[in-house]
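Colleague:
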Amino acid sequence: MLKIMLLGLLMLAQTVSAYAALNIEIIGAGAHQIPVSLVPLGGDEKLGLAINDVVTGDLLRTGLFRLVDTTGKSPHDVADVNYSDWQLRGAEALSIGTVNVLPNGRIEARFRLLDVVKKNQLVGEAVSANDGQMRAIGHRIADLIYEKLTGDKGVFSTRIAYVNRQAKSYRLIVADSDGYNEQVVLKHNEPIMSPAWSPDGAHLAYVSFETGHAAVFVQSLLTNQRRAVADFPGSNSAPAWSPDGHQLAVVMTHDGSSQIYLLHPDGSGVHRLTFSGSIDTEPNFSPDGQTLLFTSDRGGSPQVYSMPVAGGAAQRLTFADGNSFSPRYSPDGKSFVFAHLTGGRFYIAVQDFQTGQVETLTAGGWEKKPSFAPNGKIILFASEARGRGILATVSSDGRVQQHMFTQSGDAREPVWGPQL
Amino acid sequence: MKKLVISIVLLNLLAACASQKPKEMTAAPAPAPVAAAVAAPAKAAPTMVDPLNDPNSMLAGRSVYYPFDVSAVQDADKPLVQAHAKYLSEHANRTVRLEGNCDERGSTEYNLGLGQRRADGVKKMLELGGAKAAQLNSVSYGEEKPKAAGHNEAAWEQNRRTDLNYAQ
Chain A
0 MLKIMLLGLL MLAQTVSAYA ALNIEIIGAG AHQIPVSLVP LGGDEKLGLA INDVVTGDLL
60 RTGLFRLVDT TGKSPHDVAD VNYSDWQLRG AEALSIGTVN VLPNGRIEAR FRLLDVVKKN
120 QLVGEAVSAN DGQMRAIGHR IADLIYEKLT GDKGVFSTRI AYVNRQAKSY RLIVADSDGY
180 NEQVVLKHNE PIMSPAWSPD GAHLAYVSFE TGHAAVFVQS LLTNQRRAVA DFPGSNSAPA
240 WSPDGHQLAV VMTHDGSSQI YLLHPDGSGV HRLTFSGSID TEPNFSPDGQ TLLFTSDRGG
300 SPQVYSMPVA GGAAQRLTFA DGNSFSPRYS PDGKSFVFAH LTGGRFYIAV QDFQTGQVET
360 LTAGGWEKKP SFAPNGKIIL FASEARGRGI LATVSSDGRV QQHMFTQSGD AREPVWGPQL
Chain B
0 MKKLVISIVL LNLLAACASQ KPKEMTAAPA PAPVAAAVAA PAKAAPTMVD PLNDPNSMLA
60 GRSVYYPFDV SAVQDADKPL VQAHAKYLSE HANRTVRLEG NCDERGSTEY NLGLGQRRAD
120 GVKKMLELGG AKAAQLNSVS YGEEKPKAAG HNEAAWEQNR RTDLNYAQ
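For the protein sequence lines, the chains are A and B, in the order given. Its first residue numbered 0, the first sequence is counted upward by one per residue in numbering that gives the first Met the number 0. Its first residue numbered 0, the second sequence is counted upward by one per residue in numbering that gives the first Met the number 0.
#1: Here's a check: name, in chain order, each residue in its chain whose Cβ is nearer than 6 Å to the Cβ of A/P238, leaving out the five neighbours to either side.
#2: Give me, in chain order, the residues of the same chain whose beta-carbon lies closer than 6 Å to that of B/G60; leave out the 5 immediate sequence neighbours on both sides.
#3: List in chain order: all unbroken alpha helix (DSSP H) runs of 4+ residues lying wholly within the segment 170-207 of chain A.
#4: Using a Cβ cut-off of 8 Å, pull out every chain A residue sitting near B/K144, in sequence order please.
#5: The segment 281-308 of chain A: which residues have C-beta closer than 8 Å to a C-beta of chain B, in chain order?
#6: Taking the C-alpha atoms as reference points, what is the distance between A/S168 and A/L185?
#7: Roughly how many whole angstroms lie between the Cα atoms of B/R104 and B/K122?
#8: Helix, strand or coil for B/A39? Go by DSSP, reduced to three states.
#9: Should A/H212 be flagged as near chain B, meaning a C-beta pair shorter than 7 Å?
#10: Tell me, please, whether the CB atom of B/V138 is closer than 7 Å to any CB atom in chain A?
#11: Quick check: the Cα distance between A/F371 and A/L360, rounded to an integer number of angstroms?
#12: For a test of the three-state rule: what should DSSP assign to A/P282, helix, strand or coil?
#13: Going along chain B in order, which residues have a C-beta closer than 8 Å to the C-beta of A/L340?
#14: Quick check on A/N62 - is its C-beta less than 7 Å from some C-beta in chain B?
#15: Less than 7 Å between the beta carbons of A/A309 and A/S325, yes or no?
#16: My output table needs one value for A/Y145: the three-state DSSP class, helix, strand or coil.
#17: DSSP three-state call for A/W240: helix, strand or coil?
#18: Would B/A153 be called buried (16 or more neighbouring beta carbons within 10 Å of its own) or exposed?
#19: Should A/S257 be flagged as near chain B, meaning a C-beta pair shorter than 7 Å?
#20: Taking Cβ-Cβ distances shorter than 7 Å, what residues in chain B pair up with A/A237?
#21: Taking the continuous beta strand (DSSP E) assigned at A/H245, which residues delimit it?
#22: For the beta strand (DSSP E) containing A/K368, name the first residue and the last one.
#23: For A/T70, which three-state DSSP category applies?
#24: Residues of chain A with CB closer than 9 Å to the CB of B/L97, please, in chain order.
#25: If you draw a straight line from the alpha carbon of A/R164 to that of A/V336, how long is it in whole angstroms?
#26: What are the uninterrupted segments assigned as beta strand (DSSP E) that are 3 or more residues long and contained completely in the segment 45-133 of chain B, given in chain order?
#27: Using the three-state DSSP reduction, which class does A/S168 fall into: helix, strand or coil?
#28: Mind listing which residues of the segment 378-399 of chain A have their C-beta closer than 7 Å to chain B's C-betas, in chain order?
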């Protein structure tokens, strides 16, 4: 059912945002798009237009909004707003305001979101940022609009991490949710895998092969200081943070096969959790920190299992045809997303814990490594298009997809960062 | 004379490299002319060639191949692994790195585990055949270093592999 709907919506809307570090294409649209008018901020008009581009891009990428033309009208103050103008144009909400550069160099925007139908203010906020952080202001305004009009928390101000592979060069990259503000965390000529954000967003754990085999490192994004926290013979991989940030689950093979261990983020206190003799990998903590999801082939093929973090029996969760990999809890803990390999294709799917019902969200392809945005409304995953590895997102109802193309090389191993 | 032997050995090494691909291993007619060409120099200077560098030897094969999602050494490759075990047991100073690889039909992390299991399986068989643990180091690259590109079986069968890389 969902797949048919998605096909119907394919190519309905397609927008390409230029000049991005990642080029973004949007496929599909939400069921009920909210008509909104975004008047570029007044004051410093050049800055106002630049911020408006960021807000527009953020909102359009969700597929949940339709832009209503602002031509000929540019109120910046509530007193200048003639609500009937906007009602005639079909807008339900209107954003206005001003932006200025303060004497100390900071950018300050005063922004209001108005309900055109009820003729009142939904939200008003002064947002300021350091010189050069214009995009951060745009993301903050987009978050406020999204939150007021959809009831869900915005995730435009959050960050993502991924690996860019170009020939034999590997770069671990952290970027804004729209791909801008790329920061290279690590670069070398051996593979990098499985970046994982600490809950406070200050550290990344990841797998690097720079010592000749897979080892787990933890690196500060503030100081760039890093240390190997799991570097035993064989492979050390698949780091996952506990929700309180006090523990890492990692996978190590030095006891015979890929097994899950707990340790502290400084590498101390190693404690073995699984004893299967099979491949147990890709641990992911439940939001309450009590349960782990993981992939295991203990039943003969790779499937998703869960077990208590305190230790104990594992329970198999996926039973569909084919193999299931890379489980991750939804932020509300009610479902999990995973990569489902069947009939030679990978699909991104979500399974409800209570009903066991599986919803396939994508049309299938080389789709791997899904992770939820902090608001649970969007899923980021690795895909492939035009022969290149790309980042892709799908809304949690499967209606809207985006493809994000890096300028060169293959984008792989994406993961959405926390809400700060 | 010496120069000639070296150049012939080099030629033979190239021929051996070419015949390492699994496709050519299964093509029956191909190996015959190669074998004929190397016969003479091998007899002419038998003591000059480390058996490891003898393109005629079973030891010239440095890769073990697998079916999908399988980590056990297949019957066809067991003689090769056993030959390396014997060589290692007779050359205690040699060390070898076992590198497990996978095709892309799994998650990257699952494949890392599968590649490690492949490499560890070869390691175990080498130890049973007389090699010492200290001579062996097993690692996995999972699907991170594919030898062949492409979403097809021709590429995948090249990538499901454990390589035996001797230290120089």
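We treat Cβ as the ideally placed atom computed from N, Cα and C, and that holds for glycine.
Modeller: Result, derived from the coordinates:
#1: A195, A204, V215, L247, V249
#2: L79
#3: Positions of the alpha helix (DSSP H) runs, each at least 4 residues long and wholly inside the segment 170-207 of chain A, cannot be given because no such run exists.
#4: P190
#5: E281, T294, D296, S300, P301
#6: 11 Å
#7: Straight across, the Cα-Cα distance linking B/R104 with B/K122 is about 24 Å.
#8: Because the pLDDT at B/A39 is just 45, under 50, the model does not fix this residue reliably, and the point stays unresolved.
#9: Between A/H212 and chain B, the shortest Cβ-Cβ separation is below 7 Å.
#10: yes
#11: About 13 Å.
#12: strand
#13: R104, G105
#14: Checking the displayed sequence, the identity of residue 62 of chain A turns out to be Gly instead of Asn. Not an interface residue.
#15: Using a Cβ distance threshold of 7 Å, A/A309 and A/S325 do not count as a contacting pair.
#16: helix
#17: strand
#18: exposed
#19: Yes, A/S257 lies at the interface with chain B (some Cβ there is under 7 Å from its Cβ).
#20: Those within 7 Å of A/A237 in chain B are E108.
#21: Where A/H245 is concerned, there is no enclosing beta strand (DSSP E), given that its DSSP letter is neither H nor E.
#22: Note, A/K368: beta strand (DSSP E), 367-371.
#23: coil
#24: Going along chain A, no residue has its Cβ under 9 Å from B/L97, so there is no contact; the nearest lies around 11 Å.
#25: 25 Å
#26: Whole beta strand (DSSP E) segments, 3+ residues: 62-64, 95-100.
#27: Residue state, collapsed to three classes: strand.
#28: Cβ contacts with chain B come from no residue of the segment 378-399 of chain A.
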